[in-house]
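Heads up, our numbering is the position in the sequence shown plus 10, with the first residue counted as 1.
Okay, so here's the structure we're looking at.
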Amino acid sequence: MGTGASNIARIGYDPARAAALPAPVLAASAGCGNPLARARPRPGETVLDLGSGGGLDCFLAAGEVGPTGRVIGLDMTGAMLEKAEAARRALGLAHVEFRRGEMEAMPLASAAVDIIISNCAVNLSPDKAAVFREAFRVLRPGGRLALSDVLRTGEGGGGSMEEWCACIAGALTPGEFLEGLRAAGFEQAQIAERKPYIAEGHESMVITAEKPG
Numbered sequence: 011m012g013t014g015a016s017n018i019a020r021i022g023y024d025p026a027r028a029a030a031l032p033a034p035v036l037a038a039s040a041g042c043g044n045p046l047a048r049a050r051p052r053p054g055e056t057v058l059d060l061g062s063g064g065g066l067d068c069f070l071a072a073g074e075v076g077p078t079g080r081v082i083g084l085d086m087t088g089a090m091l092e093k094a095e096a097a098r099r100a101l102g103l104a105h106v107e108f109r110r111g112e113m114e115a116m117p118l119a120s121a122a123v124d125i126i127i128s129n130c131a132v133n134l135s136p137d138k139a140a141v142f143r144e145a146f147r148v149l150r151p152g153g154r155l156a157l158s159d160v161l162r163t164g165e166g167g168g169g170s171m172e173e174w175c176a177c178i179a180g181a182l183t184p185g186e187f188l189e190g191l192r193a194a195g196f197e198q199a200q201i202a203e204r205k206p207y208i209a210e211g212h213e214s215m216v217i218t219a220e221k222p223g
């Protein structure tokens with residue numbers, strides 16, 4: 011995983027679209043993939059971004075759902091929320107909002123959103139089963155999920171400080187991730203994309219799933 015503007019194209023984003031965003035948003039980007047490419051938001055839909063950070067995916071999603079849609083960024087870090095909100099005001103995006111909260115207990119009503127995305131954040135949760143249950147709860151029937159994350163494919167994941175800094179200490183195996191989604195009630199859970207990751211024994215993947223309609 012890289013960070014900043016130099017990482018944008020490498021993980022699958024259109025550099026031209028990203029270039030229109032404020033520099034602090036690009037600098038705060040620490041994603042490992044492009045979940046929006048798999049989620050494919052449509053005009054008028056509501057998108058929830060888990061661990062929204064500086065707001066990169068939220069602002070890109072805002073352009074896809076348009077002014078009749080809505081984008082909600084959820085993050086537990088005050089500094090990131092302040093950075094994202096400052097960028098939102100600068101961009102004049104009234105249909106984007108940021109909320110402080112945790113993925114394991116999302117401050118949203120049930121069946122409130124059409125799409126959930128996340129970019130290299132779920133692996134940091136100490137209770138991924140709770141994240142999956144909450145994601146299922148807040149999605150509307152027929153809603154879809156696209157999570158970009160780091161998954162463990164070999165040795166590693168012991169929880170050292172170095173691993174936490176590399177965003178991999180909490181990484182699940184692909185099988186564990188998919189089974190967790192299915193246990194929460196999701197259908198069509200699958201690996202939609204995978205690519206090499208900088209840490210040995212890990213890969214960056216995009217996992218997709220749907221809530222039964």
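Glycine is no exception: its CB is placed at the ideal position from the N, C-alpha and C atoms.
By Cβ distance, which residues of its chain are closer than 6 Å to G167, with the 5 residues on each side in sequence left out?
-> For G167, the pLDDT reaches just 48, beneath the cut-off of 50, and the residue's location in the model is therefore unreliable, leaving the point undetermined.
Once you ignore the five residues that flank V132 on each side, which residues in its own chain have a CB closer than 8 Å to its CB?
-> L60, G61, M113, K138, V141, L157 and D159
Classification of S120 by the beta-carbon crowding that lies within 10 angstroms, buried from 16 upward = exposed
Residues sharing a beta bridge with V57, DSSP | V81 and I125
Within its chain, find whatever has a CB closer than 7 Å to the CB of A47; leave out the 5 residues flanking it on each side and keep chain order.
-> G22
Own chain residues within Cβ distance below 8 Å of V75, not counting five before or after = P51, R52, P53, G54, E55, T56, V57, V81 and H105
Would you list, in sequence order, the uninterrupted alpha helix (DSSP H) runs of no fewer than 4 residues that lie entirely inside the stretch 85-163?
-> 88-101 and 138-148
Go ahead and pull the three-state DSSP assignment for R50.
-> coil
May I ask which residues mark the beginning and end of the beta strand (DSSP E) holding P206?
-> E197 to P206
Could you give the DSSP three-state label for E189: helix, strand or coil?
-> helix
Pair every Cβ in the stretch 120-130 with every Cβ in the stretch 201-210, then say whether three or more of these pairs are closer than 8 Å.
-> no
Separation of D124 from R150, as counted between CA atoms | 6 Å
Where does the unbroken alpha helix (DSSP H) through A181 begin, and where does it stop?
-> Element bounds for A181: n/a, residue is neither H nor E.
Assuming L31 and F69 make a contact with CB atoms under 8 Å, what is their CB distance in whole Å?
-> 6 Å
Would P45 be called buried (16 or more neighbouring beta carbons within 10 Å of its own) or exposed?
-> buried
With DSSP run on the structure shown, which of helix, strand or coil describes E74?
-> helix
Can you name, in chain order, every residue of its own chain whose Cβ lies under 6 Å from the Cβ of R98, other than the five neighbours on each side?
-> V106
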